[in-house]
Structures are given as C-alpha cells and as structure tokens.
Amino acid sequence: MTVALLDVRDLKVHYDTREGTVRAVDGVDFSLGEGQSLGLAGESGCGKTTAALAIMGLLPSNGRIAAGSIEYGGYDLAKLTDAQLRAFRWRHISIIFQGAMNALNPVRRIGEQIAEPIILHEKVEREVAMGRVGELLELVGIHRERSREYPHEFSGGMRQRVMIAMALACNPKIVIADEPVTALDVMIQAQILELLERLKRDLKLSMILISHDLSVMAETCDTMAIMYAGKTVETGSVRDVYKRPNHPYTKDLIGAFPDIEGPPHLPAYIPGLLPSLIDPPSGCRFHTRCKYAWQRCIDEEPPLDAVGTGHRSACHLNTSERPS
Amino acid sequence: MLRIRILAALGRARTFWAVFRKSRLGMAGLLILVAYLAMALSAPALEAAGLLRDPALINEDAQGNVLNYQPPGAMFAMGSDHIGRDLLSRMWFGSQYTLLIGFISSIFSMGLGTVVGLVSGYAGGWIDEILMRVVDFFLVLPTLILALILAVTLPPPGKVDLWKLIFVVGISLWATTARLVRAQVLSLKERQFVLRARAIGAGDGRIMRKHIFPNAFSLVFAEGILTIAVAILTESFLAFLGLAPDEIITWGKVLQDALLHSALASGLVWWVVMPGFLIVGVVYGFTLLGYALDDIVNPRLRRR
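Just so you know, the protein sequences line up as chains D and P, in that order.
Taking numbering that gives the first Met the number 0, the leading residue of the first sequence gets 0, the next gets one more, and so forth.
Taking numbering that gives the first Met the number 0, the leading residue of the second sequence gets 0, the next gets one more, and so forth.
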C-alpha cells in the first residue's frame, strides 16, 4: 500500500437530538492512499454520509466530532476550527453531493455556480474563472456554451457531470463522491462511473466513493471499508473484501446481490433492521442479526484486527471458536 | 458580453410577457394601473395646457366671492370644496402623492421585511427568537390601528411630514413580509445547494445574498405589489384622519375635507364618491396585478 493521504482513525460523530445522542458514526477507521479510490459501503443509515460530512467539516449544527482523528497532510481536520477548515474545503478535499438535482441552485446559471469556488478560493477575476469553467465543462463532456444555462435545462446525468466539474474546480487532491450514481439509470450510471475513473487517472485524484451498491465499488475502487451501524466492520482491498469476505455482515451483504449466472432465485436478505443508534446493542453491533452470534458477541466488542495483508475485520470468529 | 446579457434579459422579459398576457385579470389590473400612472404623470402638463386648474387655487367669481360648495357643472366638472378649490383638479393631482407614498413606503417595507426575514430564518436560534418577537409586536395590532398609533405617538408629536408618513406606513406593513420571507428561507436553507455553497467556502452573508435571496425574490416581488395596495389604503386612512402633511394633496385628504364639511348632508355626492372610487380602483388594480404575478412566479401555482 502507498502512503496514506487521508487517515481516519476511530472517528466518532454524535448528533444531539431530543430523543438522546445519536451515535451516527461510532468508530470508523479507514485510510486513503494517494491516487487510490476507497469505497465506503453499508446499508442506509449506517453513517456513510455523516462520515463524509465530518471529513469536510460540514456537519449540521447538532452534530459534533466526539472522538477520533482525521489526518490529512500533517493536520488533524477533526480539531481545526471552521475558519481553518474553509481553507481545506474544495482546494484539498471536495465533495460530489448525493442527488445533483438538489445541490444546484435552481435560479443561477451553472457556469456561475462552477466559478463560485474558484472566485472564492483563488481570488481571481470573473473572466479568468469563467475561462476555467469552460475547460472544466469540456473535461466532463459538456459543451462550454452550456455554461449559460440553468440547472433545469440539464438532464439528470448532465447535472451530475456539472457537479463533478464543480468538485474539480479548485484542483483538489481528494474527491468524495456521495452516492454519485444512485438516482441515475443504469446506462448513465456506467457513463458517470467511467468519467470518474478517467478523471481520477488523468488528474491523479484520490477518491472516496460512498455507495450501498457493492457492484459499483467492485468496478471502480481499490480498497473498501464496510460499515455497519456507525462502525467499520471490515476493510481491505476490493479483491480481499469481495472475494474473501471475513465478517458475517460483509458475507450477507455480498450474498444479497443477485447472481445472473446462477439458478434463478430471489436474492438473500439480512433479516432484522439496523439497530437504534441512540441505544446501540452491546458487544458486536451486528449480533442482533448475525447467524453466528453467541454470548461473547453480546458481552464483548470485537476489535478491528488484521486477517490478512491490509485486510482487517472485526469479528470474534477470528480469535475464538464458536461454542456449539 | 454586455450585449448578450441585454439580449438574454430581453428574451426572458418577452417570455414573461407572453405568460403574463394570458392572465386576463392581471392584464386588467395592469390597464387600471397604467391609467392611474397616466393620470399622475399628465397632471402638470394638463395644468400647463389650461385643462386643469391649480389644485390649491381658491376660485372666485368676478365679484370676488369665493365659489365654495359648488355642485358639478360647467364651471367645476366635479364641484368645488369648502374654500372653493376645484375638486377635479385636486383629485387628478392627488394621484401623484398617493401613488408615490404607496410606492416608497412599500419599497421600504419590503426592504426591511426581507432583510429581517432572511436573517431571522437563516440564523435561527435566539436571533430568530428576538426578531420574531419584534415582528409579533407589529402583527398583533391591525395594520390601520398600528399606523394610527405610530403616526400620533412618533416624534415630532402631532405633526406628520411626508417622510414620517412614509415611514409610518412602511413600518406598519413590514412584519407580514418578514414572516413570509422567513418561512421561505426556513425551507430554502435546508436545501442541498445551501450545504454545497457552504462546502465551497461561501460565508453566511454570501449564502444569504447569492443563494437564498434569489430563490425568494419572485415571492418578495409579488408580495411587494400587493403591499403597495395596502400601503395606499393605509395612507388614505391616515390622511382621512388628518394625519398627513398640509402641503400635499392625496385622496385621503380630499375625503377628510368632505367629512369635515358634511359633504353628503349638503348633497355634494361627488366629493365623497370620487376619491373613494379612485382609492378602491387603485387598490383593486394592484391587487389584481399582485395575484396575477403570484400566480406566475409562485412555483406551486404555476400553470405554464
């Protein structure tokens, strides 16, 4: 593995709500190597987006980083003030938001919106910024003349391209793509993923791809981290995680994907629901749904330990036999 | 570049016009308002041409008798008032200040209401709490009562000059706008493009100015047109009660003269009916136009 560019260690993000403290992210570990792409997977509500927002320093007002570190370029982003973070945002780390339809301001031309971070961060003249906008649009496969149009004049896939152009506006090192293809149809998904991959290669970007779609990750990522109820349960190279999954949750998740070559049957599912994040289960969080769980899983939290080279998993099955 | 911008703006204006023309009530409102505007603008020219008398002139006959309380006739198309001034001329000129006060106080009210609504909705927390309690103070009393109290109590006591009148009308109306804008901002600030704006490094001021306000502008504009109607009504009410500067003529003041000199009892119906009709007409015009604009710019009601 290459030197880590971004290193997230035991990150905990809590939201204070009326019902209590929601531990949306409660111990997330992953690292992103230079020029690599990392997939962050897990079912809805497991804290993927919260983790991304924490890295960007964009948590809503009731959210806070309770513990852990986000190392980037010698700084711990988790400890910087909002004003200091502003310097990092977009110039070093940018984000492609979930759902491009809502992330564009409906009453402003897309060119102006792409130019905005350039003007804000590089203090350049409007004309210079608009020139860059043209280049960025062509980079993502949109004719530069269209910079004068409004978001509603673009199709869903095109809007996602606009969002990507915007994310690249200040030449960031890391791009976080939060469900970049979720709302798009399969044909467009493939186009957008291909575009992201090409950009990553050409611009030497590092990327964090957040998705619940493991097949998308298998295609585009180098490493992946599987999250369950706010915790990283398994990390490793895509090959290791996908081909030799260690954690029962990962296995179930992969098992839930239909196999088009096998005999036709309904895909498997994981019974039960994601546990409450206000009052999470003791021990291993997955024990309420895990078919292997025994007493130790309820009493003791399994550590995220190495199970191979660069492959780590948090399951008691790795260190002890299940009593029969 | 500038040329392209102007052309684009013209194009948008043309599209808007095409949609607006289909609204019959809106067109009716616009026609009414154009007539009123023509009245206000033509007054000085008509006077110069000798078609209107000086509205402040006390008319006398050849013997030097004041021609007061004249019924409508060959001499005065709409009669004369208690000191012999031409009522037609007074009403024609009255349109000037009535419209002017309506416009300026509405702009003042919209400006204040928009800024308070934006800050209140965007900032939330205790700032919102304080600003909204101030708004509540202005909302609990009916507009006309509030305007009346303010006109009487604000310094200098007992004297209302033009700017004080405009201030009083504006300050009586801004609270509704503030509420409206705040409600819109509360919904807009949760939209993802605001988060994105924050992510790219935009500060609060810029987000409010460049991202939230443009999305609320069409609403503010339509509300502004409706507010002019209320502003004119409020001003007429104050003038009717004598809370208007002496040097200006408005329809409310003509009505006050009529009231003080028992116009109806003297059978001088025109004196009462005409200013009343003019006030109702202009309010109706602005209301029709305002609702038509609301119809077009309000995305929920839009039928393009």
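Beta carbons: idealized from backbone N, C-alpha and C, even for Gly.
Residue i - partner residues in DSSP beta bridges
i, result
"D/LYS11", "D/ASP25, D/ALA66"
"P/VAL133", "Paired residues: none, contrary to the question."
"D/LEU5", "D/LEU31, D/TYR71"
"D/ALA224", "D/LEU39, D/THR234"
"D/THR16", "D/GLY19"
"D/LEU208", "D/GLY38, D/ALA176"
"D/ILE94", "D/ILE175"
"D/SER312", "D/GLU233, D/ASP304"
"P/PRO151", "It is Val, not Pro, that sits at residue 151 of chain P in the sequence shown. According to DSSP, which records beta bridges pairwise, P/VAL151 is partnered with nothing at all."
"D/ARG88", "D/ILE92"
"P/ASP294", "Paired residues: none, contrary to the question."
"P/VAL65", "P/GLU59"
CB contact below 9 Å: residue i versus chain P
i, result
"D/GLY98", "yes"
"D/SER93", "yes"
"D/MET223", "no"
"D/ARG88", "yes"
"D/MET165", "yes"
"D/ARG85", "yes"
"D/ASN101", "yes"
"D/PRO105", "yes"
"D/ARG147", "yes"
"D/ALA168", "yes"
"D/MET0", "Only weak support exists for where D/MET0 lies, its pLDDT of 46 falling under 50; the value from the coordinates is given anyway. Answer no: the Cβ-Cβ gap between D/MET0 and chain P never drops below 9 Å."
"D/ILE209", "no"
Local conformation of residue i per DSSP, three classes
i, result
"P/ARG197", "helix"
"D/LEU39", "strand"
"P/THR233", "helix"
"D/VAL174", "strand"
"P/THR249", "coil"
"D/GLY235", "strand"
"D/GLY307", "strand"
"D/VAL127", "helix"
"P/GLU222", "helix"
"P/SER79", "strand"
"P/ASP60", "coil"
"D/VAL185", "helix"
"P/ASP85", "strand"
"P/ILE94", "In the sequence on display, residue 94 of chain P carries Ser and not Ile. P/SER94: helix per DSSP, three-state reduction."
"P/ALA262", "coil"
"P/LEU267", "coil"
"P/ASP127", "helix"
"D/THR318", "coil"
"D/GLY56", "coil"
"D/HIS246", "coil"
"P/ARG178", "helix"
"D/ASN61", "coil"
"D/GLY271", "coil"
Proximity test, Cβ basis, 9 Å: residue i and chain D
i, result
"P/LYS188", "no"
"P/LEU321", "In the structure as shown, chain P starts at 0 and stops at 303, and residue 321 of chain P therefore has no counterpart that could be examined."
"P/LEU179", "no"
"P/PHE192", "yes"
"P/ARG329", "Any property of residue 329 of chain P remains undetermined from this structure, which presents chain P solely from 0 to 303."
"P/ALA12", "no"
"P/ALA182", "no"
"P/ALA8", "no"
Exercise. Using a beta-carbon distance cut-off of less than 7 Å, what residues from the segment 45-63 of chain D approach chain P?
Worked result: Shown in chain order are the members of the segment 45-63 of chain D whose Cβ falls below 7 Å from a Cβ of chain P: MET55, LEU57.
Exercise. Mind listing which residues of the segment 198-216 of chain P have their C-beta closer than 7 Å to chain D's C-betas, in chain order?
Worked result: Listed by position along the chain: ALA198, ILE199, GLY200, ALA201, HIS210, PRO213, ASN214.
For this session: Evaluate the contact criterion for the segment 168-178 of chain P versus the segment 98-114 of chain P: three or more CB pairs, one atom per stretch, below 8 Å.
Result: Counting C-beta pairs closer than 8 Å gives three or more between the segment 168-178 of chain P and the segment 98-114 of chain P, which meets the contact rule.
Exercise. When you check each C-beta in the segment 107-140 of chain D against every C-beta of chain C, which residues fall closer than 7 Å?
Worked result: Going by chain labels, chain C is absent from the structure shown, which instead holds the protein chains D and P.
Problem set entry | Cβ contact check for the segment 22-39 of chain D and the segment 217-227 of chain D: 3 or more pairs under 8 Å | Contact holds: three or more Cβ-Cβ distances are below 8 Å.
Exercise. Does the count of Cβ pairs from the segment 66-83 of chain P and the segment 267-276 of chain P closer than 8 Å reach three?
Worked result: By the Cβ test, the segment 66-83 of chain P is in contact with the segment 267-276 of chain P, since at least three Cβ pairs between them sit closer than 8 Å.
Exercise. Okay, do the segment 246-264 of chain P and the segment 178-188 of chain P touch, 3+ Cβ pairs below 8 Å being the bar?
Worked result: The segment 246-264 of chain P makes no contact with the segment 178-188 of chain P: fewer than 3 CB pairs, one atom from each, lie closer than 8 Å.
Exercise. Touching or not, the segment 150-167 of chain P and the segment 206-220 of chain P, by the rule of three or more beta carbon pairs under 8 Å?
Worked result: Counting Cβ pairs under 8 Å, fewer than three are found: no touch.
Exercise. Is it true that the segment 280-288 of chain P meets the segment 12-30 of chain P, where meeting means three or more beta-carbon pairs spaced less than 8 Å apart?
Worked result: Inter-segment contact for the segment 280-288 of chain P and the segment 12-30 of chain P is present: three or more beta-carbon pairs are separated by less than 8 Å.
Problem set entry | Touch test, the segment 228-235 of chain D against the segment 55-74 of chain D, Cβ-Cβ under 8 Å, three pairs minimum | Short answer: they don't touch.
For this session: Examine the Cβ distances between the segment 142-156 of chain D and the segment 186-200 of chain D and report whether three or more of them are shorter than 8 Å.
Result: The segment 142-156 of chain D makes contact with the segment 186-200 of chain D; the number of CB pairs closer than 8 Å reaches 3 or more.
Exercise. For the 8 Å Cβ check, are there 3 or more pairs between the segment 273-281 of chain D and the segment 12-23 of chain D?
Worked result: Between the segment 273-281 of chain D and the segment 12-23 of chain D there are three or more C-beta pairs closer than 8 Å, enough to call the two in contact.
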